[in-house]
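S.K.: Okay, handing you the structure first.
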Amino acid sequence: MTPSAAAAPPLSVEGLRFGWGKGPQALQDCRLEIPGPGLWMLVGSNGSGKSTLLRLIAGLLTPEAGRISCPCKPALVFQNPDHQLLLPSCGSDLQLALPEDLSAAERAERVARALAQVGLPGLERRPIHTLSGGQKQRLAIAGALASAATLLLLDEPTALLDPDSQREVLELIHQLCHRSDAPLTALWITHRLEELRRCDGAARMESGRIGPWQSGAALRRSLAHLPAGGAER
Ligand SMILES: Nc1ncnc2c1ncn2[C@@H]1O[C@H](COP(=O)(O)OP(=O)(O)OP(=O)(O)O)[C@@H](O)[C@H]1O
Ligand SMILES: [Mg+2]
11 MTPSAAAAPP
21 LSVEGLRFGW
31 GKGPQALQDC
41 RLEIPGPGLW
51 MLVGSNGSGK
61 STLLRLIAGL
71 LTPEAGRISC
81 PCKPALVFQN
91 PDHQLLLPSC
101 GSDLQLALPE
111 DLSAAERAER
121 VARALAQVGL
131 PGLERRPIHT
141 LSGGQKQRLA
151 IAGALASAAT
161 LLLLDEPTAL
171 LDPDSQREVL
181 ELIHQLCHRS
191 DAPLTALWIT
201 HRLEELRRCD
211 GAARMESGRI
221 GPWQSGAALR
231 RSLAHLPAGG
241 AER
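Following the numbering used here, the numbering of the sequence shown begins with 11 at its first residue and continues without gaps.
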């Protein structure tokens with residue numbers, strides 16, 4: 011067996027169960043394995059359990075049953091970057107994401123590198139409220155990179171963006187997941203079926219369970235018969 015074939019998958023979820031209080035179970039016997047680095051997409055109707063799953067993987071919720079095996083360091087990126095950008099300037103916000111045991115020079119270097127990686131070089135002192143929506147979302151992704159995350163959990167990251175910014179964010183994540191040196195793994199939730207063209211695999215979530223990985227094109231075709239062009243809203 012080659013070393014890469016022997017490597018543990020970046021994420022493996024088995025038999026996951028979770029309910030929010032008295033309602034029906036949000037997740038039941040939920041199973042998912044991401045086989046390797048790349049851009050993996052999940053599509054599903056409102057309330058099918060996608061956001062709950064990401065919160066469980068990120069460790070913000072505790073499952074009632076089942077197992078999550080994640081050798082990677084996860085980081086969540088939300089639909090609305092205003093919900094996760096906390097400090098006034100780009101640099102100060104990224105400082106928050108860094109591990110504590112770094113020298114001042116290392117901190118500055120990591121902040122500069124994270125900004126450059128998302129196409130915002132030199133914006134350390136820029137007030138966050140002056141950024142466009144797309145730039146804010148890229149800054150939220152920079153926060154995940156600064157934290158040394160290797161599994162990005164993206165919950166409809168383009169839902170609030172205009173078409174150009176949607177494409178920029180999608181291409182940025184695609185590039186981070188396909189770079190030759192240490193490619194990342196991303197689990198990307200979307201209702202925008204056109205985004206499926208850039209994924210390495212796509213699956214459909216229904217009533218707290220996830221179907222098998224398919225190509226983005228195949229899943230898009232299978233959803234095309236649904237009302238509203240398969241957007242599953
Ligand atoms: N904080 C919460 N408190 C109570 N119930 C919740 C909470 N968050 C989600 N739920 C319930 O859990 C179920 C799954 O919701 P979830 O948000 O995970 O779905 P989703 O697939 O992300 O939907 P959407 O596409 O609308 O974002 C729904 O029935 C929802 O009402
Ligand atoms: Mg959701």
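For glycine and all other residues, C-beta sits at the position ideal for the given N, C-alpha and C.
Small disclaimer: the values here were computed from a predicted structure and weren't measured.
(1) Across the region 46-58 and the region 67-76, are there enough close Cβ pairs to call them in contact, namely three or more that are closer than 8 Å?
(2) Can you give the Cα-Cα distance for Pro193 and Ala107, rounded to whole angstroms?
(3) I need the DSSP call for Gln35, collapsed to helix, strand or coil.
(4) According to DSSP, is Thr12 part of a helix, a strand, or is it coil?
(5) From Gly59 to Val23, what does the alpha carbon distance come to, in whole angstroms?
(6) Hey, Ala159 and Lys83 are a contact pair by Cβ (cut 8 Å); roughly how many whole angstroms apart?
(7) Relative to the alpha-carbon of Ser97, which residue among Arg120, Ala17, Glu134 and Leu86 has its alpha-carbon at the smallest distance?
(8) Cα separation between Gly48 and Ile199?
(9) Any heavy atom of ligand 1 closer than 7 Å to the beta-carbon of Ser258?
(10) I need the boundaries of the beta strand (DSSP E) containing Leu21, first residue and last residue.
(11) Is it buried or exposed, Leu42, if we count other Cβ atoms within 10 angstroms and call 16 or more buried?
(12) Any idea which residues DSSP pairs Arg77 with across the strands?
(13) Under 7 Å from any heavy atom of ligand 1, does the C-beta of Gly54 make it?
(14) Tell me whether Gly153 is buried or exposed, calling it buried when 16 or more other Cβ atoms sit within 10 Å of its Cβ.
(15) What's the gap between the Cα of Asp92 and the Cα of Ser190?
(16) Does the Cβ of Lys8 have 16 or more other Cβ atoms within 10 Å, making it buried, or fewer, making it exposed?
(17) Could you spell out the range, first to last residue, of the alpha helix (DSSP H) harbouring Ala227?
M.R.: Let's see:
(1) no
(2) 20 Å
(3) strand
(4) The predicted position of Thr12 is uncertain, since its pLDDT is 49 and thus under 50; no value can be drawn from it.
(5) 14 Å
(6) 5 Å
(7) Just to set this straight, residue 97 is Leu in the shown sequence, not Ser. Considering only alpha carbons, the answer is Glu134.
(8) 14 Å
(9) Nothing in the structure corresponds to residue 258, since the chain is present only between 11 and 243.
(10) Leu21 to Gly29
(11) buried
(12) Glu24
(13) yes
(14) buried
(15) 32 Å
(16) With the chain covering 11 to 243 only, the question about residue 8 has no answer from this structure.
(17) Gly226 to Leu233
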